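Undergrad: Before I ask anything, here is the structure I am working with.
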Amino acid sequence: MKNLKAVIFLKLLFLFTLIASSCKKEVQVKPSISGVSQEATILNIGDKLTLAPNVTNTKGNSYIWLVNGKETATGQLNYTFQATEAGTFDVTFKVTNKGGTDQQSFKLIVEKPIVISLADQLNVSMCNVLEIMPVVTSGPDREDYEYEWSIGDSIIGKQLKLSFISPEAGTFNLTLRATAGKQSVTYTRKIAVKAEQYVKNAYTVLEYAPSPGKNHNWSIIGAANNWKYGDEYPLAYNEFLTKAADIRKVNANAALFLGSWGGSATFKFDHTVANVSGKTDLELTAFCSLRDQPAVYVAYDHNKNGMPDENEWYELKNDDFGQEDIPEYEMTFTYNKTETDARRIYSYFNWRDNQLSPASGEVITNKTFTSSMTTAGAFSNRGFFPGLNVADNATKQAVMLDGWRSSFSRKGKRLSRNLTGAAPFFQKLNLDIDMAVNKRGENIQLPGIDFVKVKKVIYPFQQDLNTGNVMMDYNMEEGRMLQVGSILDKHLKD
Amino acid sequence: MKKSLFTKTLLVAAISVGVLASCTKQNDLLPEAIPQSKSASTSQTSLATSYTITFEGISSSYKANNTSYGDNAYSSWTGTQIAPYVHSPSNLKFAIKGAGGGSPVDYWNGGFVVSDWNYKSNISGKTGDWWYSYLNQCSVYSGTHGAKNGGYAGSSNFAVMFGYVDSYNSSYATRPKLDFTSGSGVVEGMYVSLSSYTYGVIQNGNAFGSGAATPLKDVAGGTGYLKLLAYGFNGSAATNNGDPVEIDLARYNNHLPVAGPLTSWTYFDLSDLGNVTRVEFNIEGNDSGSYGLNTPAYVCIDNVKVTL
């Protein structure tokens, strides 16, 4: 009996254990999804993206894929999304088993394709700027648009708007490549550049504002040392400008004598000089030393009014940029008088600067009549105040010609510099329009330039053994005065 | 009566001075009567006498010798160095800068040497640009090549001036000068001609500056020039109001010569400088670069006319 009880107990224990065991196997654990990025994935139309999340507890699972709430696939762990239209898409992956459900969403953004409106055929004359302004009619809502214009292997622009200019005639394939996000689109257009005839030299003189000094010769159009041989043109101001243009058109070397500090001249091209990336664009010939090269300003005729406006000027930055010791220097020159005696002529002018303790001086030109005659029998203007001329050899009466002023000021920055040992000579300065900067020194991108202003900004000092090597003011010395000859467009072919 | 006697006395004195000069000077002393137009009416100026310094017949010790380089014009010369030539009685001195002070001098510092060389092309054993190099710097481009007749009017002797000051060398160089060792006078003028070295470089260019040999006619767009300037001083005071007188040694316009190059002796009028104790010279040109003048700064002078 005792054994029977034990057997029954064991059987009951076994049965209980069996029942308990059977009940535990029936409990289901809900699935778990991982590997789904919370960040949106950017797609372009045509892209395919396979979504393959990780799932744990896969037994008895059912899978559903929904796009924007609409069921698109079932029974598969992976889903391939095809971007067929632009928009934002929530792709939801839903896993269910008896233990429960898990779901995660992929955020997909299919961006709009870039579509740009651009004229099919582009036409422009040589050395003229064509403003090409494409319109982006469609595209992703992004801030990272980038553009690149090119002809062949040369990149010519990196903005949507292109100021196109070519110094060569012909028909070119102009390519615009736009990128935004992962999108890239390329457009190619033919651009026809019509041939034109231009002069390489900036021959037109819009303004001539020389600063006088010892033996300065305001009337020179040519070479200052050829004053005796026909390079003097003592004319009324406007006639002088016209004559200078006429001569410089056929003889690029015909120089103007800008003179001492502050002297300047403004020249105009008969075309726009193209700003070619990576190359120097202008060749300017000037008489100066390596240490007192002139400041060069350029202007592009944005408003096409044919004149350089004040807000269109930019300086071509060189090593002297920002080195001025007197930013707003001013010198006033005033003609005084001219006297003669039996052998000589004496002409006087005064100068004065704008400093708190003003510097001033008088420059006297005196020369014998016999040594001052040109080969044509005229009395030379060498050393005379700008505009002053002796037209009558008999009376030696000096008069100021029309349009020239008997008193004027020159203003601007002054860089005082010891030029001892720096020999002046006619040298060619190669200038890059890409060096154009505003007054703050910030780079300004110009498609080309129409005007050039050349100005003497270095105020020279020099030591001379003959005067004990004392540092002396050489601003008014003839050998230190600036002359400017040709200003050539380097891209224009002969 | 007094006036007449005084005038006669002056006349005798003038004749005596002339005779004395003739007796004591070598062949280059050629007293000349002052042209009437240049004579003043005062008795004092009527005593003035002009001399033309021809450099003829002077001792070889004053002359560039050995070669047309003028070896004896340098301190490295082991023999007797060229001596300063002081014309008598004018006392006008022709010398290398610093000469006469006891220390050896070098012609490259500028000044004057007397010469009779006139090689106008390469001589035997010389090739290339020898004849227009510094190795032939004492030759004048005049006369018959090598015949030593290159001076004014076919004479033998002349002086060669070298030196210049420009913005490159102004802190250490001085202009070559002619000075009266005592007294003063009017240097009326002189004849000038190009040296072979300078003429050859004007014609052919040299490799200074840009490195390319450019003839002067092609410099500065065909407007190359080289000129000689003279400045007068009486003591420390500049004469002629500080203005120089000048003559073109070579000048081109539109690549064509408008003056020179002076290969025939040409008169350089210095009279505007007036009474001076010294005349300083300079040579300027526009074949120049960052190191200054590229054209060799030599000029030959002869028949220097002085009025005392």
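So the protein lines, in turn, are chains A and B.
For the first sequence, the residue numbers in numbering that gives the first Met the number 0 are 0 to 493.
For the second sequence, the residue numbers in numbering that gives the first Met the number 0 are 0 to 307.
For every residue, glycine included, the Cβ atom is placed at its ideal position computed from N, Cα and C.
These numbers come from a predicted model, not from an experiment.
1. Measure the beta-carbon distance from K96/B to G110/B and round it to whole angstroms, keeping in mind my assumption that it falls under 8 Å.
2. Using the beta-carbon of each residue, which ones in chain A are nearer than 8 Å to T222/B?
3. Could you check whether the Cβ of D27/B sits closer than 8 Å to any Cβ belonging to chain A?
4. What does E329/A pair with, by DSSP beta-bridge criteria?
5. For a contact meaning CB atoms closer than 9 Å, what does S170/B contact in chain A?
6. Quick one, which of A82/A, K303/A, E238/A, N200/A has its alpha-carbon nearest D269/A's?
7. Taking any Cβ of chain B, which residues in the region 366–397 of chain A have a Cβ under 9 Å from it, in chain order?
8. Does G478/A come within less than 8 Å of chain B when only Cβ atoms are used?
9. To which residues of the same chain is M125/A closer than 8 Å at the C-beta, ignoring the five residues directly before and after it?
10. List the residues of chain A whose Cβ lies closer than 7 Å to the Cβ of D105/B, in chain order.
11. Report the partner residues of P243/B according to the DSSP bridge assignment.
12. Give me the DSSP bridge partner(s) of Y266/B.
13. What does the Cβ neighbour count give for N253/B, buried or exposed, with the cut at 16 atoms within 10 Å?
14. According to DSSP, simplified to helix, strand and coil, what is L10/B?
15. Within 10 angstroms of its Cβ, does I7/A collect 16 or more other Cβ (buried), or is it exposed?
16. Hey, is T44/B's beta-carbon within less than 8 Å of any beta-carbon in chain A?
17. Candidates L205/A, K452/A, A223/A: which alpha carbon is nearest K213/A's?
18. Compare the C-beta of D165/B with all C-beta atoms of chain A and state if any pair is closer than 8 Å.
19. Measure from the C-beta of F425/A to each C-beta in chain B and report whether the shortest distance is under 8 Å.
20. Among residues of its own chain, excluding the 5 on either side of P326/A, which ones have a beta-carbon nearer than 7 Å to its beta-carbon?
21. On the DSSP letters alone, give me the boundaries of the beta strand (DSSP E) that L281/A sits inside.
22. In the DSSP assignment, what residue or residues form a beta bridge with P256/B?
23. Would you mind telling me which residues of chain B sit closer than 9 Å to Y299/A, beta carbon to beta carbon, in chain order?
24. Have a look at K181/A and S276/A and give me their C-alpha separation to the nearest angstrom.
25. Using DSSP with H/G/I as helix, E/B as strand and the rest coil, what is I443/A?
26. Tell me whether the region 141–148 of chain B and the region 233–246 of chain B touch, counting them as touching only if at least three CB pairs, one residue from each stretch, are closer than 8 Å.
27. Once DSSP output is grouped into helix, strand and coil, what is the label at R141/A?
28. Would N43/A and E110/A be called neighbours here (beta carbons separated by less than 8 Å)?
29. Taking the C-alpha atoms as reference points, what is the distance between K304/B and G259/B?
30. Check F239/A in the structure and name its three-state DSSP category.
31. In the DSSP assignment, find the unbroken alpha helix (DSSP H) run with V200/B in it and report its ends.
32. Establish whether the CB of G188/B and some CB of chain A are separated by less than 8 Å.
33. Is the beta carbon of L414/A closer than 8 Å to that of D472/A?
TA: From the atom records:
1. 4 Å
2. G221, A222, N224, N225, N252
3. Per-residue confidence for D27/B stands at a pLDDT of 44, beneath the threshold of 50, marking its modelled position as unreliable; the derived number appears in the next sentence. By this cut-off, D27/B is not an interface position.
4. K410/A
5. T419, G420, Q461, Q462, D463, L464, N468
6. N200/A
7. K366, T367, T369, S370, T374
8. yes
9. S165, P166, E167, A168, V192, K193, A194, E195, Y197, H270
10. Simply none; closest approach about 17 Å.
11. The partner list for P243/B (beta bridge, DSSP) is empty, contrary to what the question assumes.
12. Y190/B
13. exposed
14. For L10/B, the predicted structure reports a pLDDT of 39, less than 50, and the residue's modelled location is therefore unreliable. A value from the coordinates is still provided. Helix, per DSSP.
15. exposed
16. With a pLDDT of 46 at T44/B, under the threshold of 50, the predicted position of this residue should be treated as unreliable, though the coordinate-derived value follows. T44/B does not count as touching chain A.
17. A223/A
18. yes
19. yes
20. K412
21. 281–287
22. Y251/B
23. By Cβ distance, chain B contributes nothing, its closest Cβ being about 29 Å from Y299/A, past 9 Å.
24. 28 Å
25. coil
26. no
27. coil
28. yes
29. 22 Å
30. helix
31. 195–203
32. no
33. no
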